[in-house]
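In the numbering used here, the protein residues as written are 105 to 263.
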């Protein structure tokens, strides 16, 4: 049990750091980068706001995953992970990852049809495939949680 508490505490510290870094990227770094791009390359200035919106929403999805993971860690600490409350937080993770993946697919299509060289579309395709793996993995894990929750409630009813 001490190892679990150590892992939960360590993960929470890392989640706070990750959330703060994402917030910094979301509010300062990406908007500033795309504004600078628009100034340096006026022919690409029209991309400033779509790219800023894309980056902000993608990072927001990552923040939803972080908050949901925090809530799941709370349930682990209270030994309530196999309850209905966990399903809601896992669903939030699934939806956030699905939204991020869908936006990434849209970006892949836009870049794929307008790119001059195959480098960027190929890299985006790798991210799209990786994102699909994560979405499908989360769906499997959600089903495993549902089955474990059902088994636990059945066991509690027998005892």
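For every residue, glycine included, the Cβ atom is placed at its ideal position computed from N, Cα and C.
Please read these numbers as outputs of a predicted model, since none were measured by experiment.
Three-state secondary structure (DSSP) of residue i
i: residue 185; result: coil
i: residue 192; result: helix
i: residue 145; result: coil
i: residue 220; result: coil
i: residue 263; result: coil
CB contact flag (residue i, residue j, <9 Å)
i: residue 177; j: residue 119; result: yes
i: residue 173; j: residue 250; result: no
i: residue 167; j: residue 208; result: no
i: residue 257; j: residue 186; result: yes
i: residue 180; j: residue 200; result: no
i: residue 216; j: residue 231; result: no
i: residue 139; j: residue 152; result: yes
i: residue 171; j: residue 196; result: yes
Distance between beta carbons of residue j and residue i, contact taken as under 8 Å
i: residue 235; j: residue 205; result: 4 Å
i: residue 148; j: residue 142; result: 7 Å
i: residue 243; j: residue 198; result: 6 Å
i: residue 188; j: residue 253; result: 7 Å
i: residue 134; j: residue 159; result: 4 Å
Residue i CB to nearest heavy atom of the ligand SAM below 8 Å
i: residue 218; result: The ligand SAM is absent from the structure shown, which contains no ligands of any kind.
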